[in-house]
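Novice: End of the sequence shown = 671 in this note's numbering, gap-free, step of one.
Each residue gets a CB set at the ideal place from its N, CA and C atoms; glycine is no exception.
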Amino acid sequence: MAEFRDLLCALGECGLYQKLLVLLLSLPLLFNPFQMVGQVFMVVEVPYHCDTSWIRAVGPNLTEEEQLNLTLPRGTDGQFEQCSMYSPVDWDLDSILAYGLNDTEKCTNGWVYPSGQPPSLLTEFDLVCERAVLNDVSQSIYMAGLLIGAMFFGMLSDRIGRRPVLLICMFIQSVLGLGIAFVPHFYVFIAFRCVVGAAVSGIMITVVSLGTEWVGVSYRPKAVLIAHTAFAIGQMTVAGLSYGIRNWRLLEIVGSAPMFALFFFIWVLPESARWLVTKGRIEEAKKLLQKAAATNKRSLPPELLEQLKPEKEAKSGSFLDLFREKNQRKITLIMSCIWFADSIVYYGLSLSVTDFGLDIYLTQLAFGAVELPARLSLIFLLEWFGRKKVQGTLLLLSGLLCLILTGIPAEQALAITVLAVIGKMTSTAAFSTSYVYAAEVFPTVIRQTGVGLCSTMARVAGILAPLIIPLGQYHQAIPMAIFGSIPVVVALFCILLPETRGVDLADNTGEERITPETKKQAKTVQDKNWSIAAAGQGKRFSFGPRSDNHQELIRQECRSCSAQAETSGKAEPTKGTKTSQLQRQRFHSKKHPVFSGESQNFLFWTPVTAYSAYRERYRKAKKTRKPKNWPKQWWCPMVERPCLSSVPTQHWAAFIHSHLQTQL
């Protein structure tokens, strides 16, 4: 039975088809930042005071300054109180001027804002004084929407597919996002924002899974991070739009309407072929794979497609599968903690943009600008150092920067902003790494459910972040101390996670992953469904898939073994028994370089594992061109690697013995 990674290798791990798909998946993320942070710019602080127009009835000729002096108390700083006023009385103006007013009360008739000020959420819905908390509550409810969307759409995507869920979420975001611009009450605004948040969450986690499942092992970070780069561009766009459009309703229209332009996704967005295979929908998967191969100008061997069959024991994953097995349970819990820590520091810094003392539009622009290098640099960092080290290091740096902010005086606005921007950069990189990491550690049948659970924990942190920020009124350092201590602690848990660099995606729970270690230590030939033909003395092993459709492999003369055996006077052990087979392996380990050390178990390798080992050595040797004597027809110049789909079966042995050994 052919495995999906074999087909992916044959059609091209990241050809034109996959590149166009990543570009498509980037478009929704271009508009998501507006829904994530746009509300910050709709609640711009302006001067205000209680409406005391009652005094106009007894003093119609009073100037505005005289009216305020008579009806508003002053604070200790000499400024008029914004949330209290003198209680109205039935006196005439002369009595008020003679005796003054002493009793105060809260603003009972609303508030007055500067004339000519564009309408904002603050001025239109009176989000001031005791109602100011409603703004933070609405942000938390939006995060609750993200939480609901992560769990609901995550599990739904594993049930009905990635494509329909992504289309549904895009429809909800576009329709209700535009509807927010016309809400009559703030509570309706909150409800709409909650549903939009659910759609945004569904889009973000589905984009990650769909992009990851269509590309090869080494291209998974690139697929996710390039899509996330669009999110960074969207953040900078939000700063520019908010600066130019101060009317919150018009800003909401401009930020939400472009999503309608993406309805062409209905005709061009593909389903995940890997997901289709796990669901037994083989014919649909074959059509998609053939279409992808045609776009990449490659051809899929018919015999390879014929071997594509669903596993007999394959079944739909459930939420409980995340916790059934000990190893999967450990991964699930640690990844959930990582996402929680990522989110609380990321949103803590994002929502504190108004507290840094500088212009909020410039600060937001800087936040978006630093996310570009943060995400793009991960393409290289994740390949150089692996997921585990990068994830832990970035979490640690993000937390330490927040803790440093607690010791800087509020007067040092520039220093605070610079450190906050750097912290935003590291937290962004940590968040993007967690998206890549989570998509790799969960099997296909529960990938969306697992990512959804992690995203749920991130949204719990997102709900708490706006509620933690007001604690700064008790002490300036409290919010940043909380935002910094959590990621520092969670960074230590990363040590317990498995490394997924160069590891193929698992499709089912409990499935053994093809890691660099298991490539060297395959337990039995039967595990890979491969047959071995052992020749006599002076011959070397040849091997191939146990299938009638493939040619019998050649048995090549191994002059190196024969010559060294004759020189040493030791003959190669004969075959036939289990003991003699082990002796033969030991003999070849000593007499033939290709068997030595880590390569002695090469007999149990498939073409894909051999190819992966070749790539690893090729990368370590830092070679960037086609190896010497490598047949041109076996080399794909587009992706700078060998094209196994064009390597004849009878040459697989030569591939390992000759090129893997002599060229590297």
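1. With burial defined as no fewer than 16 other Cβ atoms inside 10 Å of the residue's Cβ, what is the status of Leu385: buried or exposed?
2. Look at the alpha carbon of Phe41 and the alpha carbon of Met211, and state the distance between them as a whole number of angstroms.
3. Taking buried to mean at least 16 other C-beta atoms within 10 Å of its own C-beta, is Gly161 buried or exposed?
4. Measure the Cβ-Cβ separation of Leu154 and Ser439 and say whether it is below 9 angstroms.
5. For Gly209, which residues in the same chain have their Cβ closer than 7 angstroms to its Cβ, ignoring the five residues on either side in sequence?
6. Looking only at C-alpha atoms, which of Ser492, Leu108, Phe132, Asn334 sits nearest to Trp118?
7. Ignore the nearest five residues each way along the sequence and tell me which others in Val144's own chain have a CB closer than 6 angstroms to its CB.
8. Between which two residues does the beta strand (DSSP E) harbouring Glu290 extend?
9. Would you mind sorting Leu412 into buried or exposed? The rule is 16 or more other CB atoms within 10 Å of its CB.
10. Hey, quick one: how far does the alpha helix (DSSP H) through Ser91 stretch, first residue to last?
11. Which residue wins for smallest C-alpha separation from Val428, given the options Ala373, Val29, Tyr481?
12. If I measure Cβ to Cβ from Ala64 and keep anything under 7 angstroms in the same chain, skipping five residues before and after, which residues do I get?
13. What three-state label does DSSP hand His235 in the structure shown?
14. If we ignore side chains and look at the alpha-carbon of each, how far apart do Leu356 and Ala299 end up?
15. Whose C-beta lies closer than 6 angstroms to the C-beta of Ser249 among residues of the same chain, with five residues either side of it excluded?
16. Who are the Cβ neighbours of Thr302 in its own chain at under 8 angstroms, not counting the five residues just before and after it?
17. So which of Cys57, Ser462, Met342 has the shortest CA-CA distance to Met92?
18. Taking a contact to mean a Cβ-Cβ separation below 9 angstroms, would you say Ala264 touches Val29 in this structure?
19. Could you check whether Leu307 and Arg170 sit closer than 9 angstroms to each other, using their CB atoms as the reference points?
20. Between Gly375 and Leu408, how many whole angstroms is the CB-CB distance? I'm expecting something under 8 angstroms.
21. Lys113 lies in the alpha helix (DSSP H); which residues open and close that run?
22. With Arg466 as the anchor, note down where its alpha helix (DSSP H) starts and where it stops.
23. Roughly how many angstroms separate the alpha carbons of Leu31 and Val496, rounded to a whole number?
24. Straight-line CA distance for Ile103 to Trp61?
25. What residue from Glu278, Lys304, Thr285 has the CA that sits closest to Lys679's CA?
26. So Glu220 packs on Arg281, CB below 8 angstroms; how close in whole Å?
27. Would you mind working out which of Phe270, Ser127, Ser441 sits nearest Leu257, comparing C-alpha positions?
28. Which class does Arg81 belong to by DSSP, given the choice of helix, strand or coil?
29. Excluding the 5 residues flanking Leu309 on each side, which residues of the same chain have their C-beta closer than 7 angstroms to its C-beta?
30. Across which residues does DSSP place Phe449 in a beta bridge pair?
31. The alpha helix (DSSP H) with Trp391 in it runs from where to where?
32. Here's a check: name, in chain order, each residue in its chain whose Cβ is nearer than 6 angstroms to the Cβ of Ile415, leaving out the five neighbours to either side.
33. Taking buried to mean at least 16 other C-beta atoms within 10 Å of its own C-beta, is Val377 buried or exposed?
34. For Cys90, I'd like the list of residues in its chain whose CB is within less than 6 angstroms of its CB, leaving aside the five on either flank, ordered along the chain.
35. Straight-line CA distance for Ser434 to Leu404?
36. Taking all protein chains shown into account, decide if Phe189 is buried (16 or more other Cβ within 10 angstroms of its Cβ) or exposed.
Specialist: In short, the structure shows the following:
1. As a working mapping, residue 385 is identified with position 378 in the sequence shown. Leu385 is buried by the Cβ-count criterion.
2. For this step, residue 41 is matched to residue 34 along the sequence shown. For this step, residue 211 is matched to residue 204 along the sequence shown. Those two C-alpha atoms are separated by around 14 angstroms.
3. Indexing the sequence shown from 1 puts residue 161 at position 154. The residue in question, Gly161, is buried, as its Cβ has 16 or more Cβ neighbours within 10 Å.
4. On the sequence shown, position 147 is the one that residue 154 refers to. On the sequence shown, position 432 is the one that residue 439 refers to. Not a contact, by the Cβ cut-off of 9 angstroms.
5. Taking the sequence shown and counting its residues from 1, the one referred to as residue 209 is at position 202. The answer, listed in chain order, is Gly156, Phe160, Val172, Cys176.
6. The residue labelled residue 118 in the question sits at position 111 within the sequence shown. Out of Ser492, Leu108, Phe132, Asn334, Phe132 has the C-alpha closest to the C-alpha of Trp118.
7. Residue numbering aside, residue 144 sits at position 137 when the sequence shown is read from its first letter. If we look at Val144 and ignore the five residues flanking it on each side, it has no Cβ neighbours.
8. Residue mapping note: residue 290 aligns to position 283 of the sequence shown, counting from 1. That residue, Glu290, is in no beta strand (DSSP E); its alpha helix (DSSP H) goes 289-302.
9. Counted from its first residue, the sequence shown places residue 412 at position 405. With 16 or more other Cβ atoms within 10 Å, it is buried.
10. Sequence index remark: in the sequence shown, residue 91 carries index 84 (1-based). From DSSP, Ser91 is part of no alpha helix (DSSP H) but of the beta strand (DSSP E) over 91-93.
11. Taking the first residue of the sequence shown as position 1, residue 428 is located at position 421. Cα-wise, what sits closest to Val428 is Ala373.
12. Walking along the sequence shown from the start, residue 64 turns up at place 57. Correct list: empty, nothing qualifies.
13. Counted from its first residue, the sequence shown places residue 235 at position 228. Note: His235 maps to helix in three-state DSSP.
14. Taking the first residue of the sequence shown as position 1, residue 356 is located at position 349. Taking the first residue of the sequence shown as position 1, residue 299 is located at position 292. Cα to Cα, Leu356 sits roughly 41 angstroms from Ala299.
15. For this step, residue 249 is matched to residue 242 along the sequence shown. The answer, listed in chain order, is Phe48.
16. Taking the sequence shown and counting its residues from 1, the one referred to as residue 302 is at position 295. Excluding residues within five positions, the ones whose Cβ falls inside 8 angstroms are Gly22, Leu23, Tyr24, Leu27.
17. As a first step, residue 92 must be located in the sequence shown, where it is residue number 85. Out of Cys57, Ser462, Met342, Cys57 has the C-alpha closest to the C-alpha of Met92.
18. Taking the sequence shown and counting its residues from 1, one reaches residue 264 at position 257. Taking the sequence shown and counting its residues from 1, one reaches residue 29 at position 22. Result no, Cβ atoms of Ala264 and Val29 do not sit closer than 9 angstroms.
19. Walking along the sequence shown from the start, residue 170 turns up at place 163. Walking along the sequence shown from the start, residue 307 turns up at place 300. Against a cut-off of 9 angstroms, the Cβ pair of Leu307 and Arg170 comes out as no contact.
20. Here residue 375 refers to the residue found at position 368 of the sequence shown. Here residue 408 refers to the residue found at position 401 of the sequence shown. Going by Cβ atoms, the distance from Gly375 to Leu408 rounds to 18 angstroms, so no, they are not a contact pair.
21. Counted from its first residue, the sequence shown places residue 113 at position 106. It is not in any alpha helix (DSSP H) - Lys113 instead sits in the beta strand (DSSP E) that spans 111-113.
22. As a working mapping, residue 466 is identified with position 459 in the sequence shown. Segment 454-475, the alpha helix (DSSP H) holding Arg466.
23. Reading the sequence shown from its first residue, position 24 is the one you call residue 31. Reading the sequence shown from its first residue, position 489 is the one you call residue 496. Spanning the two alpha carbons is a distance of roughly 37 angstroms.
24. Taking the first residue of the sequence shown as position 1, residue 103 is located at position 96. Taking the first residue of the sequence shown as position 1, residue 61 is located at position 54. For Ile103 and Trp61, the distance between alpha carbons rounds to 13 angstroms.
25. Outside the modelled stretch of the chain, which goes from 8 to 671, sits residue 679, for which no answer is possible.
26. Along the sequence shown, one-based indexing puts residue 220 at 213. Along the sequence shown, one-based indexing puts residue 281 at 274. Going by Cβ atoms, the distance from Glu220 to Arg281 rounds to 4 angstroms, so yes, they are a contact pair.
27. Reading the sequence shown from its first residue, position 250 is the one you call residue 257. Closest option to Leu257, Cα to Cα, is Ser127.
28. Numbered from 1 along the sequence shown, position 74 holds the residue referred to as residue 81. Arg81: strand per DSSP, three-state reduction.
29. Counting from one through the sequence shown, the residue named residue 309 turns up at place 302. Just to set this straight, residue 309 is Pro in the shown sequence, not Leu. Within the same chain, Pro309 has no close Cβ partners at all.
30. In the sequence shown, residue 449 corresponds to position 442, counting from 1. Answer is none; Phe449 lacks a bridge partner.
31. Numbered from 1 along the sequence shown, position 384 holds the residue referred to as residue 391. Element bounds for Trp391: 367-392.
32. Along the sequence shown, one-based indexing puts residue 415 at 408. Cβ neighbours of Ile415 beyond the five flanking positions: Ala422, Ile423.
33. For this step, residue 377 is matched to residue 370 along the sequence shown. Buried: at least 16 other Cβ atoms inside 10 Å.
34. In the sequence shown, residue 90 corresponds to position 83, counting from 1. The answer, listed in chain order, is Cys136.
35. Locating residue 434 in the sequence shown gives position 427, where the first residue counts as 1. Locating residue 404 in the sequence shown gives position 397, where the first residue counts as 1. Each residue's Cα considered, the two are about 8 angstroms apart.
36. Working through the sequence shown from its first residue, we reach residue 189 at position 182. With fewer than 16 other Cβ atoms within 10 Å, it is exposed.
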